[in-house]
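Chains as they are written, first to last, in the working numbering: chain E, 213 to 598; chain X, 4 to 451. Even glycine gets a Cβ: it sits at the ideal position worked out from N, Cα and C. In this text, all values refer to a predicted model and were calculated from it rather than measured experimentally. Take a look at the structure set out below.
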């Protein structure tokens, strides 16, 4: 602690340089924060909720529907506690760029299956009773300024309404919230009645998109999944059952090599950053060789000099890095807003942890060479400026 | 004894000391305004500048000072590499991401033209979500505006689009492969498609041909392999190339594929128009027919729309990332150049004591930074080109299937990268250059 004024003096020696170094570190970490938030989002939510849920979809491809009639067979598979289903509707609200997921579901069993979708009791009852009823997530409702009681028209891209109309109209009877902040992404969807959908569509009646299965014992999930798939093996409707997390990851994987590219960008940024800061540190130490020699003459140990120089690098990195991460945290909601919710990601604790780890590592990495150099200074040579 | 400073004198001195900084700020703004609006004007100015350097006395002085500065670069390798590598990083990332967007756009829009059109069910936003029954396709094919072949048959093909799960080579996990069932007229609607290996599929048989892109991204789709479509084995008999997004697909006979999926309908009708203007005639005819509810678009418009969203996102992300990195690089360059000026304070002061004016000194420092920035720009663009040009990736397209595309590092992108490099160099150099010119000679000479 007693070295604090000394550290401060060292940093304030060249104010412009310290400030510029700090800013370049901050810029790099702001970038890191945003990219890492995207990376984490791509790796699908790692939530404990849903570990006992399986998704059964067509083995042929995700767009192939399954028979509604198979619900009972899945339900009766040993180890299955509950089953519900959903389908892909793909309706468009006003403009294709407003895209959000909307699914026809079986309301009672679906809401039971997803307890993390929290809805006031009265609205829940209203949803169960209203055939044309729909519920939307809070985030989605906020985005479009919807209130309970509004009528929401969706233009179908796949399923025209057999009444010949250009739109399907839904009555918004409830707005749900995610039980946990990290599940906020689930507030971007709209749900409505499967029966209303199935009766109104011209094609594909009697089918559903996928089944959601709750198992009695999460540790038996693999066995149950295999048991379900075995029942439909070699039928015209072969299934593939996987955990909800795997299912979501398979979507992320379809988007392709984006994770790889993000990682490559981060590597490029960090390589540049290490070089920039490392060099500035080395330069600043080089200029202060006579000063360091004076410190040693005064009786500072080699270790104290080493620590002093290391501390300087670490302080710069930590301070700049924290500014950067705070900037990223502030900027992400703005970006989400500007892209009308398409790039809605937030800084997660793991990004902060990784960021702090990187600050410390890079701090040590760039501080160590000049610190070692400072430690090994011969007093006489250094004083003479050799 | 100096005279007592008056209030106005102090104000004037302050004004004089801040004026160059303000001027520099304005210069930066003006520079970027011109840089973005009129690159040719910048080139013209650069030519004038070169003329000034070579022809005038101050210009030659600046050149001489710059030569001295540049000759000491090898001695300051560590510090100068900060500028070069920092800028190379910015330019590399920028060029690579823009190359990705360019490649994606080119692959999709390459499939489009003005004299072919695609008919989809009204409101369908992609082929996969469209559905047309057999009577509708028959009506569409007979509509006016469609070109006819030598036998007076309309050049139009009702097509089936389905998606199959096939493992990807890179990850080994299943991804969606687009399967297109085409009719005999498809080869006339899309003449760019040609067989490069094997042969065409035979109608009525369970045979497929695979696009080069799909062949590269998916495993088990070589000639002789079989893939499973709705529980049936289909054999691959040929490889085709088209230079556009169709290379991400496998093609087979429309009737056989529809039969395999127990479907009696189609997704789209692709037609060749008699001339680009005929689209209006076709559109009018189709919308006048009460039995049809379809939309028709030229393939150029259709594929343009399909590529628009992802291209825009990649471009925006690319520029956002580059701006952040550029900020970091500017700070790095400023640091380096301030240090360079400080370490050469004595030398610069000596020059000025010898009678060099401020201008050659400013120009010399600027020239040095710009040279370093230019080197960084070339390095970064070169690395992006070497690593990414032709780099093949795939992503999820609008038909819920993989679109295979290549990064395209175009000369345009290389030039834009260089523009960024020089822009960063300009900001990174101007402030240290002004500092160099304004250092009081006497103090600078005394400095160690």
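| Query | Result |
| --- | --- |
| Is there a Cβ of chain E sitting closer than 8 Å to that of residue 95(X), yes or no? | yes |
| Please compile the residues from chain X whose C-beta is within a distance smaller than 9 Å of the C-beta of residue 481(E). | 92, 96, 324, 327, 328, 331 |
| Which of the three DSSP states is assigned to residue 309(E) in this structure? | helix |
| Residue 82(X) and residue 495(E) - do their beta-carbons sit closer together than 8 Å? | yes |
| Thinking residue 286(X) and residue 299(X) are a contact (beta carbons under 8 Å), I'd like their distance in whole angstroms, please. | 5 Å |
| Nearest CA to the CA of residue 96(X): which residue from 328(X), 445(X), 30(X)? | 328(X) |
| For residue 236(E), list the residues DSSP reports as bridge partners. | Beta-bridge pairing links residue 236(E) to no other residue. |
| With 8 Å set as the bound, which would you pick, yes or no: does the beta-carbon of residue 81(X) sit closer than that to a beta-carbon of chain E? | yes |
| Using a Cβ-Cβ cut-off of 7 Å (strictly less than) and excluding sequence neighbours within five positions of residue 219(X), which residues of its own chain qualify? | 395, 407 |
| Hey, is residue 313(E)'s beta-carbon within less than 8 Å of any beta-carbon in chain X? | no |
| Report the residue ranges of all alpha helix (DSSP H) runs contained in full by the segment 492–564 of chain E; include only those spanning at least 4 residues, in chain order. | 501–509, 514–550 |
| Residue 504(E) to residue 511(E), Cα distance in whole Å? | 11 Å |
| Would you decide whether residue 264(E) is buried or exposed? Buried here means 16 or more other CB atoms lie within 10 Å of its CB. | buried |
| Taking the alpha carbon of residue 363(E) as the point to measure from, which residue in 269(E), 231(E), 386(E) has its own alpha carbon closest? | 386(E) |
| Residue 4(X) to residue 439(X), Cα distance in whole Å? | Confidence at residue 4(X) is low in this model, with a pLDDT of 41, below 50, so its placement is unreliable and no value can be given for it. |
| Would you say residue 171(X) and residue 158(X) are within 8 Å of each other, going by their C-beta atoms? | no |
| Could you pull out every residue in the same chain whose Cβ sits closer than 8 Å to the Cβ of residue 235(E), ignoring the five residues on either side in sequence? | 532 |
| Spatial neighbours of residue 446(X) within its chain, please: C-beta separation below 7 Å, excluding the five flanking residues on both sides. | none |
| For a minimum of 3 consecutive residues, which ranges assigned as the beta strand (DSSP E) are wholly contained in the segment 411–487 of chain E? | 422–427, 451–455 |
| Closer than 9 Å, Cβ to Cβ, to anything on chain X: give me those residues from the segment 381–393 of chain E, in chain order. | none |
| If you count every other CB in all the chains shown that lies within 10 Å of the CB of residue 565(E), and 16 or more means buried, which is it? | exposed |
| Show which residues of chain E have a CB atom less than 8 Å away from the CB atom of residue 344(X). | Going along chain E, no residue has its Cβ under 8 Å from residue 344(X), so there is no contact; the nearest lies around 11 Å. |
| Residue ranges of each beta strand (DSSP E) run of no fewer than 3 residues wholly in the segment 152–220 of chain X, ordered along the chain? | 159–170, 177–185, 197–201, 210–214 |
| Just to check my reading of the structure: residue 209(X) and residue 236(X) have Cβ atoms closer than 8 Å, yes? What is that Cβ distance to the nearest angstrom? | 7 Å |
| Mind checking which residues open and close the beta strand (DSSP E) that includes residue 290(X)? | Taken as a continuous stretch (DSSP letters only), residue 290(X) belongs to no beta strand (DSSP E), being part of the alpha helix (DSSP H) at 281–291. |
| Alpha carbon to alpha carbon, how far is residue 398(X) from residue 542(E)? | 30 Å |
| Going along the chain, which unbroken runs of the beta strand (DSSP E) with 3 or more residues stay wholly within the segment 326–403 of chain E? | 345–349, 363–366, 380–390 |
| Give a yes or no on whether the minimum CB-CB distance between residue 374(E) and chain X is below 8 Å. | no |
| For chain X, check one thing: does any of its Cβ atoms lie closer than 8 Å to the Cβ of residue 251(E)? | no |
| Considering only C-alpha positions, which residue in the set 142(X), 148(X), 334(X), 417(X) is nearest to residue 99(X)? | 417(X) |
| I think residue 117(X) touches residue 314(X), with their Cβ atoms under 8 Å apart; what is that distance to the nearest whole Å? | Residue 117(X) to residue 314(X), Cβ: 20 Å. No contact. |
| In terms of DSSP beta bridges, what is residue 300(X) paired with? | 121(X) |
| Using 8 Å for Cβ pairs, my map puts residue 229(E) next to residue 341(X). What's the rounded Cβ distance? | 7 Å |
| Output the distance between the C-alpha atoms of residue 318(X) and residue 423(E), rounded to the nearest integer angstrom. | 38 Å |
| Under 9 Å between beta-carbons, which chain X residues line up against residue 302(E)? List them in chain order, please. | 128, 132 |
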